[in-house]
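Numbering (the UniProt record's numbering), first residue to last: 1 to 228.
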Ligand SMILES: Nc1ncnc2c1ncn2[C@@H]1O[C@H](COP(=O)(O)OP(=O)(O)OP(=O)(O)O)[C@@H](O)[C@H]1O
Ligand SMILES: [Mg+2]
C-alpha cells in the first residue's frame, strides 16, 4: 500500500503541489486526474524522489520512502512509467528491459508473463527502441517497469498519443495486473480511466479537490472541474 499524507513538492522556489493525501492499494486501480498543469506529474515525481518533497507520510508497505534516493525507491518496489515514456531510442528492446532489471534484486531475467502480456516485445527484442511505434514504446515502458517486480506500478498518461486499439490493450493489461500490485495511474483521457479505476482523486491547482470510489464519485463535478 502506498500512502501519502500532507505531501508538498517544489521546483526551486515555487511550491507546485501541497497537502496531497492519497492511498493506493493492491487489488485496486487508483487514478489521479486533473487539468494540464494541475500537478499530476509533479506528484508522481515526488513519489519517485525526483524533486524536492516534504510529507508527513510517504510510505510503501510501511517503509518510509522520503529517506531513500530514487534508485532505492525503484529497488524497494516502485515501477514508474514517466510521461512521454523515456524509451532509450538507440538501445535495443532487450537492453531497455535490462535497465529495468537493474532494479530487480531477485533475478536478471525477464519473466515469461511479461512477454505473454506484450508478445510484440519478444518479436522485436533486437530492434532499437526508437523503431517501435508509440503504442509499442508504451508497452515497452510498462514492461521495463514490470521487470523490477514492483509492489506498485505508477503510470503517467499511458494513453497519450496512442491509437485506440492499443489503449484498449493497455487497459486490459492494467486490469490483469491489479491483483498482483497496486496501480496508480495519471490520465487525461477520463472515459478510459473511469472504466478501469476503482478509486479516483481529482487534483486542482496542486491540491486534492475530491476523492472517492469511482462508482460513487460525483462525475458531474469531476467533468466540470476538468472542463469536459
Ligand atoms: N521542471 C519544472 N520547473 C519548474 N516548474 C515546473 C517544472 N515542471 C513543471 N512545472 C510546473 O509545475 C506545474 C505542474 O506541472 P505538472 O507537470 O505536474 O502538471 P501535470 O498535471 O502533469 O500537467 P499535464 O497534464 O500537462 O502533464 C505547472 O505549472 C508547471 O509549469
Ligand atoms: Mg503531466
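Built from N, CA and C at the ideal position, the CB exists for glycine as well. Predicted model, so just to flag it, every value in this text is computed and none were measured.
Buried versus exposed call for residue i [16 or more other C-beta atoms within 10 Å across all chains shown]
| i | result |
| --- | --- |
| residue 73 | buried |
Close-in-space but distant-in-sequence residues of the same chain around residue i (CB under 6 Å, 5 per side omitted)
| i | result |
| --- | --- |
| residue 82 | 156 |
| residue 189 | 159 |
| residue 248 | What is shown of the chain runs 1 to 228, which leaves residue 248 out entirely. |
Contacts around residue i, its chain only, beta-carbon distance under 7 Å, and the 5 residues preceding and following it disregarded
| i | result |
| --- | --- |
| residue 313 | Since the first residue of the chain shown is 1 and the last is 228, residue 313 is not available in this structure. |
| residue 179 | 27 |
| residue 97 | 110, 143, 144, 147 |
Residue i and residue j closer than 8 Å at C-beta
| i | j | result |
| --- | --- | --- |
| residue 70 | residue 49 | yes |
| residue 150 | residue 181 | yes |
| residue 148 | residue 103 | yes |
| residue 63 | residue 10 | no |
| residue 89 | residue 129 | yes |
| residue 152 | residue 2 | yes |
| residue 192 | residue 171 | yes |
| residue 59 | residue 65 | yes |
Residue i, enclosing beta strand (DSSP E) - first and last residue
| i | result |
| --- | --- |
| residue 30 | 29 to 33 |
| residue 8 | 2 to 11 |
| residue 18 | 14 to 24 |
| residue 208 | 207 to 213 |
The alpha helix (DSSP H) enclosing residue i, as first and last residue numbers
| i | result |
| --- | --- |
| residue 241 | Nothing can be reported for residue 241: it is not among the residues displayed for the chain, which extend from 1 to 228. |
| residue 44 | 40 to 48 |
| residue 222 | 219 to 225 |
Chain-order list of residues whose beta-carbon lies under 8 Å from that of residue i (same chain, five-residue window excluded)
| i | result |
| --- | --- |
| residue 229 | Coverage of the chain is limited to positions 1 through 228, which leaves residue 229 absent and any answer about it impossible. |
Entirely enclosed beta strand (DSSP E) segments - the stretch 53 to 108, minimum 3 residues:
57 to 60, 78 to 81
Continuous beta strand (DSSP E) assignments of at least 3 residues falling wholly in the stretch 128 to 199
152 to 156, 182 to 186
Quiz: which residues have CB nearer than 7 Å to ligand 4 non-hydrogen atoms:
This structure does not include ligand 4; its bound ligands are ligand 1 and ligand 2.
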